[in-house]
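Numbering (my numbering), first residue to last: 71 to 432.
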Amino acid sequence: MNKHIALIAGDGIGPEVTAEAVSVLEALGEGFTFVPLAAGGNAIDAAGEALPPATLAAARECGAVLLGAVGGPQWDGLPGHKRPERALLGLRAGLGVFANLRPAYLMPQLINACPLKEEALRAGNPKGEALFDLLIVRELTGGLYFGEQGRRGDTAFDTESYSRGEIERALQAGYQAAGRRRGKLCVVDKANVLESSRLWRETAETVSKAYPHIETSYMYVDNCAMQLIRAPGQFDVLVTSNLFGDILSDEAAALTGSIGMLPSASLGNLKDGRPAGLYEPIHGSAPDLAGRDQANPIGAILSAAMMLRYSFGMEEAARRIEQAVASALAQGLRTRDIACCGPEERTAGTKEMGEAVRRCLR
Ligand code: NAD
């Protein structure tokens, strides 16, 4: 197994949160080697471009990539194609990662940080618990964001285009994830209006036959947006297009308490039996928190857990990290973004939260 991990700490709070994720991985004692690489604003300053070719080449040689976040106000004046965020698109395309997995779950310790009423949380949960645990699989390299776009006089257009192959591989990623979870998969589309959505549905009907043990359902995206706030506990895995996934995953993230909590994995084709993988917390570089030891490192730490699960096949180690995070929260430790002033709570900085997770791991 290639145990080299490309470490792209990035800008703002990126280096602070990835440092904690790296320490947690090191505490496992599994012999990973970290390869620090530059991308984003820091790479523009050092090398004149957001994604130096050497970074992409080195990242492709590693078993997986762990990224913090890129961007910041000091680079905001640059034209679009030169901005730090271009590094993200370049990495996704260069690594060939086409399925973006975004889990969103409410930890019982953070129920007060969730904006939903308890009835809504209980409504959809099969066991009647005030919790939800869902995974959005977003197609990442096709659809509206990559279709033909332009202007004709006073008219602007963006084109949604999907091939059967692009849909199939996103669905496969969803079914594989559903097989590891509670065995339910919902395809989210707008098949009553959009031709591309009808192809999604047709393709899903075919692909689902290979997964008879998974319960497949279909939902229109407008209804799904409503169901997520009415009864999120009804969902296990949701698979959807680039645009719908972008919007729904932010909605789901808001239900978990803080953007600082959530990890993500972007997966591609199999290489040596494992998918190419790019792992990152879903938040940005939070310039307002940079250098203050206030950022929540949990999204980055849980991204490392996803990396163990998907790129290294180390399910047990991934669960140990997830349980260690839950234990640290159960002890009342809270970074400022998830603090609700409960009597058992104690505010912690980035480093203290990372150390608490490592302690719980031991
Ligand atoms: P952001 O996610 O950086 O911050 C949004 C809000 O969430 C801020 O109030 C911030 O303090 C808070 N927040 C974010 N992460 C947190 C954490 N770990 N702990 C506690 N609070 C946290 O989004 P933004 O402010 O829109 O963007 C800032 C910069 O990041 C921009 O340059 C943007 O382009 C970039 N960005 C990068 C990525 C990425 O690298 N994947 C993603 C989104 C934004």
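We put the beta carbon where it would ideally sit given N, CA and C, even for glycine.
DSSP-derived helix/strand/coil call for residue i
i: S233; result: coil
i: V140; result: coil
i: P106; result: strand
i: N195; result: coil
i: Y380; result: helix
i: T211; result: coil
i: C256; result: strand
i: I276; result: Strictly speaking, residue 276 in this sequence is Thr, with Ile absent from that position. Note: T276 maps to helix in three-state DSSP.
i: V427; result: helix
i: Y288; result: strand
i: Q206; result: Gln is not the amino acid found at residue 206; the sequence shown has Ile there. The answer is strand: DSSP assigns I206 an E or B state.
i: R222; result: strand
i: Y175; result: strand
i: D146; result: coil
i: L264; result: coil
i: G412; result: coil
i: H283; result: coil
i: I83; result: coil
i: L153; result: The question names Leu, but residue 153 is Arg in the sequence shown. It is coil, neither helix nor strand.
i: A169; result: strand
i: A418; result: coil
i: L298; result: helix
i: R404; result: strand
i: L180; result: helix
Member of the options whose CA lies at the smallest distance from the CA of residue i
i: I391; options: M377, R404, G217 and R172; result: M377
i: G217; options: R404, L313 and P185; result: L313
i: P433; options: I329, E236 and V257; result: This structure cannot settle anything about residue 433, because the visible part of the chain is limited to 71 through 432.
i: S355; options: G80, N72 and K73; result: G80
i: L121; options: F104, G141, G133 and F102; result: G141
i: A157; options: A113, E199 and Y232; result: A113
i: L255; options: E265, S267 and Q242; result: Q242
i: G101; options: G133, K279, A226 and M423; result: G133
i: A398; options: A426, W145 and P282; result: A426
i: I181; options: P196, P143 and C411; result: C411
i: A323; options: V94, I206 and S93; result: I206
i: A124; options: A295, L148, Q246 and A76; result: A76
i: G315; options: G244, T88 and E199; result: G244
i: E86; options: L171, K421 and R428; result: K421
i: N262; options: G249, D224, D292 and P282; result: D292
i: V135; options: G84, Y349, Y232 and D407; result: Y349
i: Q246; options: P282, S267 and E230; result: P282
i: R271; options: R252, R234 and G84; result: R234
i: P143; options: G82, Q179 and F168; result: G82
Spatial neighbours of residue i in its chain, beta-carbon cut-off 6 Å, leaving aside the 5 residues before and after
i: A193; result: A301
i: M331; result: I368 and G369
i: I78; result: L107, A109 and L137
i: E188; result: A200
i: S278; result: T286
Neighbourhood of residue i by C-beta, 7 Å cutoff - its chain only, sequence neighbours within 5 removed
i: E415; result: G402, R404 and A409
i: M177; result: A396 and L399
i: W145; result: G111, I114, R153 and P154
i: Y380; result: A335, L337, P345 and G347
i: G212; result: Y232, E236 and N312
Cutoff 8 Å: residue i Cβ touching any chain D Cβ
i: T326; result: Considering every chain present, this structure includes no chain D. It has just one protein chain.
Chain-order list of residues whose beta-carbon lies under 8 Å from that of residue i (same chain, five-residue window excluded)
i: A274; result: I237, L241, V257, T286, Y288 and V309
i: Q297; result: G194, M289, Q304 and F305
i: M423; result: E90, N366, P367, I368, A398, L403 and T405
i: T103; result: K73, H74 and I75
i: L431; result: V94, A97, L98, R390, I391 and A394
i: R428; result: S93, V94, A97 and A394
i: C184; result: L176, L191, L325, T326 and G327
| query | Counting only runs that start and end within the segment 303 to 371, where is the alpha helix (DSSP H) found for 4 or more residues in a row? | reply | 312 to 324
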